[in-house]
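Q: If you're matching positions, the sequence shown starts at 1041 in my numbering and goes up one per residue. We put the CB at the ideal spot given by N, CA and C, even for glycine. It should be emphasised that the depicted structure is a prediction, and the values quoted were computed from it without experimental measurement.
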Amino acid sequence: MGTFFSSEVNNNGTKVLTFDRSDMETNVLSEEVLKELDQILDDCLSDTSMTGLVIISGKKSQFIAGADIKEIERFNSAAEAQSGSAQMQGIFNKLNQLKIPTVAAINGACLGGGLELALACKYRVASDADATALGLPEIQLGLIPGAGGTQRLPRLIGIQTGLDMILTGKKLKGKKALKSGLIDALVHPNLLERIAIEFAEGKRKPTARNSGVGSALLEGNPVGRTIMEKKARDLVTKNTKGFYPAAYKALEAVFKGIGTSLEKGLAIEAQCFGELAMTRQSNSLIHLFHATTHIKKHPYKNAEKERFGDDKPSMIGVIGSGFMGAGIATICADKGIRVRISDPNKDAIGRAYQHIRKFFAKKVKRRRLKPFELDQKLNHISADTKPSGFKTCDVVVEAVFEDLALKQKLLANCESKITDHWIFASNTSAIPIKDIAANSSNKDRIIGMHFFSPVEKMPLLEVIRTPDTADWVCGRVVSLGQDLGKQVIVVEDGPGFYTTRALAFFLNEAALILTEGASIEQIDKALNDFGFPVGPITLIDEVGIDVGSHVLSTMSNAFPDRISMPESIKKILDSGRLGRKNKKGFYTYNGEKKGAPDKSIYPLVQSSSTKISSDEIVDRCLLVFINETIRCLEEGILKHAHDGDVGAVFGLGFPPFWGGPFKYIDHLGAKVVQERMEQLFEKYGNRFKPAETLTRYAEQNQTFFPDESRSDG
């Protein structure tokens, strides 16, 4: 009996090795775990009485969730990381060296190093439980599998399928894993250990493997593999725009490795892994992993649990059936929560139903939903043109247009039907929650739930609390957001909260640059080339010029010393341009497709023809955004820099490979950022005056994340 592994040998000489980290909720591989496994495998190699080996988890819902990320962060050089990869490969190779059948018995998550261990076994038997999923998610951390995954997986299931898993982090569930040849049998969880032992004892043979036969002609010869590699590289460039080196290193490891021996292929993998472990991109993506883990541990859970126990919201009310309201209703129904929609416009309700049906029909088409389940999902939703049926709702979310008086009226109507656990949440993007709650006698139950459009795709939910909001209300809403699959940040109330406020400064700067003579294409391209998925001018068209104007006007009133909306925005609105919604904006539109910039807009907006470099465009838009983000932290709108980075990346499109605005400062150094800000302050005024925290960090050489100091800039 070891610290992490226990074993039992049956009468036939088959050893069942059980892995269970009693010190953690998850089974993760660490240096200490691997040392113990290494010794066990050495003992197995010298034990001539053993006839078979089964490796199984002692935890109910997981096999092995991967390697300990913190240990990866401790590498100080590429050579050190390469050596760590090679050592892990060496331990797993001992499973190959055993002259007996080795079997991985998989129930639950089998990810990263867990799958690499399983791949080193001769057989893999998996349970058909919903939680069982096999994948290599290292690419999401800016890395590649470093314990044999890039070599063993393509050899087992074919280059095409294997590379797809490696490049996307895609997880295969039961039947798909069996069909691909990744596992040898799919069984009921109660039969898992027994069937695995039968494999180890030679009493059972694998189901016929696929092994990538569909592309065997290409994969089986050097010329074919060269064609495959070129196509894969072109696709990677198209999807990543060259921002993520891990995808290219994955191609290098797979295609160089597949044409040589396993031993040489593993050496190539270890070298690529070591190089990636030192990149800024990996450092940033690991930072985001820690940041998203941090925000899940919010301080309001106990207050919610004290009031509700383990009960979850079962009924949500949605006021307004426009694009946002329909999206909120959709994601609730998708998670099995009943929804009551209210909208005085019958046609709007009809369009909402069409929107919702289309979402689930697409799932059916992609085989993520059975046809009969579509109607089940739709049956979760009811609607009325009158504001009725909300008395039984746990949370009522208003998603109407930005009109304070209307929102206050809707709140008053809901309050007349109050229940013990009733919560009113506003989906406003800019109006302070305290203003909406000003006339309420239940201020403790009022909160903001700022979803992002399109709701079904955007991963962020910004929860806004006022000084009056009860902790149980905040806890209830955060838990609901997490159950809906969102990354949830909690911010304090204020004009524009965090995301809208920071974004307003970003978009306003782009609009100012446009008036100074830069072209629409130049502005958007400059920010695209930096890594933003959507340029700021395109984004104004997407959110609506009318909505953008309202937000910029609100921010101008709130922070008149730092932001002033260009007068040209009003001229654009007066010309009838609303953006994509009426197919008339900064860009031309052919149906739903965006076309070229509308050059007739330039006489409305440009008052000069100054030449502005793309570098200055990026600096101005980026640094005004970052400066305002720091101010949000100083003012307590943001409680932690983690919240700022998660909000910027998952809600506003800040490039993940930079890690967010605060991580960006750490990468470059506060002194460098402050000096660049000072130059812009002298030239353009107050909005670029460095925030006090930035100045202090520059003087003291501090970072926002001192435990993540490694960076190559």
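Please go through the same chain and pick out, in chain order, the residues whose beta-carbon is closer than 8 Å to the beta-carbon of G1367, but skip the five residues on each side of it.
A: Same-chain partners within the cutoff: H1395, F1491, S1493, P1494, V1495 and E1496.
Q: So, are the CB atoms of E1556 and S1648 less than 7 Å apart?
A: Contact: yes.
Q: Are the Cβ atoms of V1294 and T1190 separated by less than 7 Å?
A: The answer is yes: Cβ separation under 7 Å.
Q: Which word fits V1400, buried or exposed, when buried means at least 16 other C-beta atoms lie within 10 angstroms of its C-beta?
A: Correcting the residue identity first, residue 1400 is Phe in this sequence and not Val. Looking at its Cβ environment, which holds 16 or more other Cβ atoms inside 10 Å, F1400 is buried.
Q: Give the DSSP-derived three-state secondary structure of K1624 in the structure shown.
A: Correct three-state label for K1624: strand.
Q: Residue ranges of each beta strand (DSSP E) run of no fewer than 3 residues wholly in the region 1347-1395, ordered along the chain?
A: Runs of the beta strand (DSSP E) inside the region 1347-1395: 1355-1359 and 1378-1382.
Q: For C1312, name the three-state secondary structure that DSSP assigns.
A: Here C1312 sits in helix by DSSP.
Q: So the alpha helix (DSSP H) E1238 belongs to, where does it begin and stop?
A: Where E1238 is concerned, the enclosing alpha helix (DSSP H) stretches over L1232 to A1240.
Q: Assess, as a yes-or-no matter, whether the region 1541-1553 is touched by the region 1376-1393 under the definition of 3 or more beta carbon pairs within less than 8 Å.
A: The region 1376-1393 is not in contact with the region 1541-1553.
Q: Just to confirm my understanding: we take G1362, look at its own chain, exclude 5 residues before and 5 after, and list those with CB closer than 6 Å. What are they?
A: There are no such residues.
Q: May I have a chain-ordered list of the alpha helix (DSSP H) segments no shorter than 4 residues that lie completely inside the region 1484-1548?
A: With a minimum length of 4 residues, the continuous alpha helix (DSSP H) runs that stay inside the region 1484-1548 are 1511-1523.
Q: Name the residue from S1466, H1334, R1660 and L1592 whose alpha carbon lies nearest to the alpha carbon of V1031.
A: With the chain covering 1041 to 1753 only, the question about residue 1031 has no answer from this structure.
Q: In this structure, what does DSSP give as the bridge partners for P1758?
A: Absent from the model: residue 1758. The displayed extent of the chain is 1041 to 1753, so no value can be given.
Q: Rounding to the nearest angstrom, what Cα-Cα distance links L1678 and E1259 in this structure?
A: Each residue's alpha carbon lies about 52 Å from the other.
Q: So, for D1683: in the same chain, excluding its five sequence neighbours on each side, which residues have a beta-carbon less than 6 Å away from its beta-carbon?
A: Correct list, in chain order: I1529.
Q: Along the chain, where does the alpha helix (DSSP H) that runs through Y1724 open and close?
A: Its alpha helix (DSSP H) spans residues A1710 to Y1724.
Q: Is the region 1690-1709 touching the region 1582-1591, taking contact as three or more C-beta pairs under 8 Å?
A: No: fewer than three Cβ pairs fall under 8 Å.
Q: Per the contact definition of three or more C-beta pairs closer than 8 Å, is the region 1342-1362 in contact with the region 1713-1733?
A: With a cut-off of 8 Å, the region 1342-1362 and the region 1713-1733 do not count as touching, because too few Cβ pairs lie within range.
Q: Could you check what DSSP says for G1299 in three-state terms: helix, strand or coil?
A: Reduced to three states, the DSSP call for G1299 is coil.
Q: Is the region 1178-1188 in contact with the region 1296-1310, if contact means three or more CB pairs nearer than 8 Å?
A: Judged by Cβ distances under 8 Å, the region 1178-1188 makes contact with the region 1296-1310, as three or more pairs qualify.
Q: Which one of D1168, K1075 and A1317 has the shortest CA to CA distance from N1147?
A: Among D1168, K1075 and A1317, the Cα nearest to that of N1147 is on D1168.
Q: Just to confirm, are D1747 and A1331 a CB contact at a threshold of 7 Å?
A: Result no, Cβ atoms of D1747 and A1331 do not sit closer than 7 Å.
Q: Excluding the 5 residues flanking G1619 on each side, which residues of the same chain have their C-beta closer than 6 Å to its C-beta?
A: Excluding positions up to five away in sequence, the list reads D1581, G1584, I1585 and G1625.
Q: Could you give the first and the last residue of the continuous beta strand (DSSP E) run that contains R1736?
A: Element bounds for R1736: not the beta strand (DSSP E) but the alpha helix (DSSP H), E1732 to Q1740.
Q: What distance in whole Å lies between the Cβ atoms of M1205 and G1182, which are believed to be in contact at a cut-off of 8 Å?
A: G1182 to M1205, Cβ: 17 Å. No contact.
Q: Does the distance from the C-beta atom of A1166 to that of V1094 stay below 7 Å?
A: No.
Q: At a Cβ threshold of 7 Å, is R1727 touching chain D?
A: Looking at the structure shown, chain D is missing, and only one protein chain is on hand.
Q: According to DSSP, is Q1122 helix, strand or coil?
A: Of the three classes helix, strand and coil, the one that applies to Q1122 here is helix, per DSSP.
Q: Suppose you measure from the CA of D1415 to the CA of D1523; what does that come to, to the nearest Å?
A: In a straight line, the C-alpha of D1415 is about 22 Å away from that of D1523.
Q: Would you say S1615 touches the ligand MN, meaning its beta carbon is less than 6 Å from a heavy atom?
A: With respect to the ligand MN, the structure offers nothing, as it holds no ligand at all.
Q: So G1175 is in the beta strand (DSSP E); what residue range does that whole segment cover?
A: Element bounds for G1175: A1173 to G1175.
Q: Report yes or no: do three or more beta-carbon pairs, one from the region 1469-1481 and one from the region 1655-1663, lie closer than 8 Å?
A: No, because fewer than three Cβ pairs between the region 1469-1481 and the region 1655-1663 fall closer than 8 Å, the two stretches do not touch.
Q: Could you please give the first and the last residue of the uninterrupted beta strand (DSSP E) stretch that includes A1144?
A: T1142 to I1146 is the span of the beta strand (DSSP E), which, as asked, contains A1144.
Q: Taking just the CA atoms, how far does V1358 sit from G1365?
A: Straight-line Cα distance between these residues: approximately 6 Å.
Q: Tell me the rounded alpha-carbon separation between G1130 and A1236.
A: So the two alpha carbons sit approximately 24 Å from each other.
Q: Quick one: Cα of G1282 to Cα of S1324, how far?
A: Cα-Cα distance, rounded: 16 Å.
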